[in-house]
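Novice: Dropping a structure here in structure tokens format, bear with me for questions.
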Amino acid sequence: DAGVTQSPTHLIKTRGQQVTLRCSPKSGHDTVSWYQQALGQGPQFIFQYYEEEERQRGNFPDRFSGHQFPNYSSELNVNALLLGDSALYLCASSLGAGEQFFGPGTRLTVL
Amino acid sequence: AQSVSQHNHHVILSEAASLELGCNYSYGGTVNLFWYVQYPGQHLQLLLKYFSGDPLVKGIKGFEAEFIKSKFSFNLRKPSVQWSDTAEYFCAVNANTNAGKSTFGDGTTLTVKP
């Protein structure tokens, strides 16, 4: 049984570009949450998707958007990248509000 | 708004020493509490969790944590650490009524010397 998978592993972009990160949840899970983990800090909640809708959102600007597909996989999109968007982006899946399982993350570097 | 404070940024111990990592949270309502561990090169894993009931929670690998409601604390303990416990530890909280949105502390890096 595969756990949470994320792609790509690493990504390098330049300021102003757009990026799409992908997440496949653990089998049987229907809820996906995205977190941003800057260097030396804990993960910060970006948003959560359930039933293909954004259910909750943290304090992130509209440049951060997402999508959930019928198979429960999810994408995180970030537009107009800033240097400060450089971070590890974590995806966590759960069955509803149950225990979250985290993926390995995508390391985004913005130059 | 919820917040989590982890007292120690970096802890260095020798093998067999006892461990206690502090965690305090601020939130006025009922909470769920978690400790996660991130071993070098690996992803976040759940060590233990508290939802309700016995405030002393036992997790994997000999870790335990005690929820003290009056102190808004959820400290992590282990009687005797091993070199393999070297990792980063994160305390997290979410509101019982909003369980999908977790707030994390900034983590404590534990280095265990052999």
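Chains as they are written, first to last, in this note's numbering: chain U, 56 to 166; chain X, -17 to 96. Backbone N, C-alpha and C fix where the C-beta goes; we use that ideal spot for every residue, glycine too.
Comparing alpha-carbon positions, which option in U:Cys146, U:Leu166, U:Cys78, U:Thr161 lies nearest Phe100 (chain U)?
Specialist: Stepping through the first sequence from its first residue, residue 100 (chain U) is reached at position 45. Residue U:Cys146 is the option with its Cα nearest to Phe100 (chain U).
Novice: Within a Cβ cutoff of 6 Å, which residues of the same chain sit near Ala(-2) (chain X), ignoring the five residues on either side of it in sequence?
Specialist: Within the second sequence, residue -2 (chain X) is the residue found at index 16, counting from 1. The residues are Ser62.
Novice: Could you work out which residues of chain X lie near Gly113 (chain U), taking near to mean beta carbons separated by less than 8 Å?
Specialist: Locating residue 113 (chain U) in the first sequence gives position 58, counting from the first residue. The contacting residues are Lys83.
Novice: Within this structure, are the beta carbons of Phe56 (chain X) and Phe45 (chain X) separated by less than 8 Å?
Specialist: One-based indexing of the second sequence puts residue 56 (chain X) at position 74. One-based indexing of the second sequence puts residue 45 (chain X) at position 63. No; because the gap between Cβ atoms is not below 8 Å, this pair is not in contact.
Novice: What is the C-beta distance between Lys95 (chain X) and Ser0 (chain X), in whole angstroms, given that I count them as a contact (C-beta under 8 Å)?
Specialist: Numbered from its first residue, the second sequence carries residue 95 (chain X) at position 113. Numbered from its first residue, the second sequence carries residue 0 (chain X) at position 18. Their Cβ separation, rounded to whole angstroms, is 14 Å, which puts Lys95 (chain X) and Ser0 (chain X) out of contact at 8 Å.
Novice: Go ahead and pull the three-state DSSP assignment for Leu138 (chain U).
Specialist: Start at 1 with the first residue of the first sequence, and residue 138 (chain U) comes out as number 83. Leu138 (chain U) falls in the helix class under three-state DSSP.
Novice: Check Ser66 (chain X) in the structure and name its three-state DSSP category.
Specialist: Reading the second sequence from its first residue, position 84 is the one you call residue 66 (chain X). DSSP places Ser66 (chain X) in helix when its eight states are reduced to three.
Novice: Starting from Phe100 (chain U), follow the beta strand (DSSP E) in both directions and report where the run begins and ends.
Specialist: Within the first sequence, the letter at position 45 stands for residue 100 (chain U). Note, Phe100 (chain U): beta strand (DSSP E), 99 to 105.
Novice: For Ala69 (chain X), count neighbouring Cβ atoms within 10 angstroms of its own Cβ and tell me buried if that reaches 16, exposed if not.
Specialist: As a position in the second sequence, residue 69 (chain X) is number 87, starting the count at 1. Buried.
Novice: Answer with buried or exposed for His(-8) (chain X), where buried requires no fewer than 16 other C-beta atoms within 10 angstroms of its C-beta.
Specialist: Here residue -8 (chain X) refers to the residue found at position 10 of the second sequence. By the 10 Å Cβ count, His(-8) (chain X) comes out exposed.
Novice: Report yes or no: do three or more beta-carbon pairs, one from the segment -2 to 17 of chain X and one from the segment 71 to 78 of chain X, lie closer than 8 Å?
Specialist: yes
Novice: Since I believe Thr161 (chain U) is in contact with Pro63 (chain U) (beta carbons under 8 Å), could you give me their beta-carbon distance rounded to a whole number of angstroms?
Specialist: The count along the first sequence starts at 1 and reaches residue 63 (chain U) at position 8. The count along the first sequence starts at 1 and reaches residue 161 (chain U) at position 106. About 6 Å; that satisfies the 8 Å criterion.
Novice: Counting only Cβ pairs nearer than 8 Å, list the residues of chain X close to Gln72 (chain U).
Specialist: Here the question's residue 72 (chain U) lines up with position 17 in the first sequence. By Cβ distance, chain X contributes nothing, its closest Cβ being about 26 Å from Gln72 (chain U), past 8 Å.
Novice: Within 10 Å of its beta-carbon, does Gly139 (chain U) have 16 or more other beta-carbons around it, so buried, or fewer, so exposed?
Specialist: Locating residue 139 (chain U) in the first sequence gives position 84, where the first residue counts as 1. That one is exposed.
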